[in-house]
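Have a look at the structure below before the remarks.
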Amino acid sequence: MAIDLPLLPLGRGRDLDPERGVECPGDLPPASDPSLVERARAAKEALGERLFVLGHHYQRDEVIQFADVTGDSFKLARDAAARPEAEYVVFCGVHFMAESADILTAPEQRVILPDLAAGCSMADMARLAQVEDAWAALEDAGVADLVTPVTYMNSSADIKAFCGRHGGVVCTSSNADVALDWAFSQHGADTKVLFLPDQHLGRNTAVLKMGFSLDDCVVWDPLQPGGGLTAEQLRDARMILWKGHCSVHGRFSPDVVDELRAKDPEITILVHPECQHEVVLKADLVGSTEFIIKTVEAAPAGSSFAIATELNLVKRLADRHPDKTIAFLDRNVCYCSTMNRIDLPHLVWALESLVAGVVVNQITVDPDTERDALVALQRMLDLPGKSHRD
């Protein structure tokens, strides 16, 4: 089966429909430049209130130190929208996050991603053409009128817009159950949900919080004809899970949980809901990045945790809480490789370019996509409860 994915040599060319931009015009300062920190400080000072720097929790420490606010993706986008005086919003995160910031900020504000190659492999697993093909299969099976699409915040703007056009909603990892509860109320008792693009968050929420069984869930594989499913399977399913995953959270395995418990029976296993179902079943606590941070902060001295989320954050938590034992729930080092594309040389280059009056790597969402994506985002914001946190 032919897949229409462009092959782009690193450093040349771009494909802005998915998250594959790799072009970086201009010369980056070398990573070994000892003046980088001072150059970043000087550029921030020169830009003053015109600049607002957002730093995602998974960013490197060398970048986080220059963030005006830190947080998860949707929180940061909302923070940017609350700063209309900022002419430039520099998003130290990944592409879909910068898109959300562009959707929510004022038209005159410019959203900049220091490295266009900072994408998200999960978001890139659901392309608009593939999702439209899946919807056509649902129509052929005679069930599309019963399906509510729900997309995780970690998706491209055009997938959010697709959900907006088809009566769907966006969710975060902390309000996925609230979003699914709303989604299942849309077409009566026979409602089905198409959950994009992370199968694990969808499965964990449906089974562990909504009371569905694993048999109620099927997985749509966009690389297989008909998603690898029959029309009968689509008609019988309640949850149609897109075959996507997080390349970081998908690595964690249940056998490591067993090993750590054998070494320390008192350890608390704290995991993100993007982890595999088998890992989540063995965990003590499951929640969003914000939940993980707050849980560690609130724990008494002497507490012991093994945490399944991105390593930059786990290391930062360990450094900030030396009175607690904090381990990484994997045998191997595992950073988010695309998030780590945002480094100090790229940040300095972006800031110094702005000081010189040159806007680089601006992220823009076209008006039609923005309009439809806002519909799905607003539906989420109208939900009760935890609608604004990842």
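The sequence shown begins at 2 in this note's numbering and counts up by one.
Just so you know, even glycine gets a beta-carbon here, dropped at the ideal spot from N, CA and C.
A quick note: this is a predicted structure, and the numbers were derived from the prediction, not measured.
*Checking contacts by CB at 9 Å: is Val376 closer than that to chain C?*
As a matter of chain content, chain C is missing from the structure shown, which is built from one protein chain.
*Could you give the distance in angstroms between the alpha-carbon of Asn313 and the alpha-carbon of Ala78?*
21 Å
_In the DSSP assignment, the beta strand (DSSP E) including Met240 goes from what residue to what residue?_
240 to 243
*For Pro150, does the three-state DSSP call read helix, strand or coil?*
strand
*Kindly indicate the opening and closing residues of the alpha helix (DSSP H) around Lys325.*
No alpha helix (DSSP H) contains Lys325, which DSSP labels as neither H nor E.
*Could you check the C-alpha separation between Thr192 and Ser186 for me, to the nearest Å?*
7 Å
*Output yes or no for whether 9 Å exceeds the beta carbon distance between Ile343 and Ala43.*
no
*Please confirm whether Phe67 and Val54 have their CB atoms less than 9 Å apart.*
yes
*Can the beta-carbon of Glu352 be found closer than 9 Å to that of Leu52?*
The identity of residue 352 in the sequence shown is Leu, whereas the question assumes Glu. Cβ distance < 9 Å, so Leu352 and Leu52 count as in contact.
*What three-state label does DSSP hand Leu52 in the structure shown?*
strand
*Spatial neighbours of Asp369 within its chain, please: CB distance less than 8 Å, with the 5 preceding and 5 following residues excluded, ordered by chain position.*
Ala162
*Are at least three pairs of beta-carbons, each pair with one atom in the region 263 to 272 and one in the region 302 to 322, less than 8 Å apart?*
yes
*Measuring alpha carbon to alpha carbon, tell me which of Pro301, Glu88, Pro30, Asp285 ends up nearest Glu50.*
Comparing Cα-Cα distances from Glu50 to each of Pro301, Glu88, Pro30, Asp285, the minimum goes to Glu88.
*asked:* Only counting the same chain, and skipping five residues up and downstream in sequence, which positions put a Cβ closer than 7 Å to that of Cys93?
replied: If you ignore the 5 residues before and after Cys93, its C-beta comes within less than 7 Å of the C-beta of Val54, Leu55, Gly56, His57, Gln60, Val64, Ala68, Pro115, Ile343, Leu348, all in its own chain and listed in chain order.
*C-beta atoms of His201 and Cys172 nearer than 9 Å*: no
_Quick check: Leu355 and Gly165, are their CB atoms within less than 9 Å of each other?_
no
*asked:* Pop quiz: Val360 and Ile113 are said to be a contact at Cβ under 8 Å. What is the actual Cβ separation, rounded to whole angstroms?
replied: 7 Å
*May I ask you to report which of helix, strand or coil DSSP gives Lys210?*
If DSSP states are grouped into helix, strand and coil, Lys210 belongs with coil.
*State yes or no: is the C-beta of Leu224 within less than 9 Å of the C-beta of Lys210?*
Against a cut-off of 9 Å, the Cβ pair of Lys210 and Leu224 comes out as no contact.
*Ser248 - DSSP class collapsed to helix/strand/coil*: coil
*So Val170 is in the beta strand (DSSP E); what residue range does that whole segment cover?*
That run of the beta strand (DSSP E) goes 170 to 172.
*Thinking just about the alpha-carbon of each residue, which of Cys276, Val280, Glu275 is nearest to the one in Asp259?*
Ranking the options by Cα distance to Asp259, first place goes to Val280.
*asked:* Taking the straight line between their C-alpha atoms, what separation do you get for Gly212 and Cys337?
replied: 32 Å
*In terms of alpha-carbon separation, which member of Glu86, Leu181, Pro198 lies closest to Val132?*
When only C-alpha atoms are compared, the closest one is Pro198.
_In whole angstroms, give me the CA-to-CA distance for Arg252 and Ala47._
42 Å
*Per DSSP, Tyr89 forms a beta bridge with which residues?*
Tyr89 is bridged to Leu52, Arg111.
*Decide if Asn362 is buried, meaning its Cβ has at least 16 other Cβ atoms within 10 Å, or exposed.*
buried
*Verify whether the separation of the beta carbon atoms of Ala82 and Ala107 is less than 9 Å.*
yes
*To the nearest angstrom, how far is it from the Cα of His278 to the Cα of Glu86?*
C-alpha separation (whole angstroms): 44 Å.
_Output needed for Leu195: all residues of its chain with C-beta closer than 6 Å, excluding positions within five of it in sequence on either side, in chain order._
Val148, Pro150, Ile241, listed in sequence order.
*When the Cα of Lys339 is compared with those of Met123, Arg40, Lys45, which residue comes out closest?*
With the sequence shown as reference, residue 339 is identified as Thr, and Lys is not the correct amino acid for it. Out of Met123, Arg40, Lys45, Met123 has the C-alpha closest to the C-alpha of Thr339.
*Taking Cβ positions, are Arg380 and Gly72 nearer each other than 9 Å?*
no
*asked:* Quick check: what's the CA-CA separation for Asn176 versus Ala299?
replied: 21 Å
*Helix, strand or coil for Val38 per DSSP?*
Residue state, collapsed to three classes: helix.
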